[in-house]
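Chemist:
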Amino acid sequence: NSIRHNLSLHSRFMRIQNEGTGKSSWWVINPDAKPGKTPRRRAGSMETKSYEKKRGRIK
1 NSIRHNLSLH SRFMRIQNEG TGKSSWWVIN PDAKPGKTPR RRAGSMETKS YEKKRGRIK
């Protein structure tokens, strides 16, 4: 249930009724939906010294 709920919150997904009888349906990606936020990217390296220096923590 939680997966179906999360899919229904986003316009990127749409629910298509199954051709057979019953309540079953498929979730597909909506090609017309506007893309949402771009995914976050991690920093290329963990340069803690330069980060701490910028923040004023190195003496």
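Position 9 of the sequence shown, counting from 1, maps to 9 under full-length UniProt numbering, and the rest follow consecutively.
Quick reminder that beta carbons are idealized off the backbone N, C-alpha and C, glycines included.
Looking only at DSSP bridge pairs, what is R15 linked to?
Modeler: The partner list for R15 (beta bridge, DSSP) reads W27.
Chemist: Could you check how far apart the C-beta atoms of W27 and N18 are, in whole angstroms? I think they sit under 8 Å.
Modeler: Not really, about 11 Å apart at Cβ, beyond 8 Å.
Chemist: Between M2 and A33, is the Cβ-Cβ spacing less than 7 Å?
Modeler: For clarity, residue 2 is Ser in the given sequence; the question names Met instead. No, Cβ-Cβ distance for S2 and A33 is not below 7 Å.
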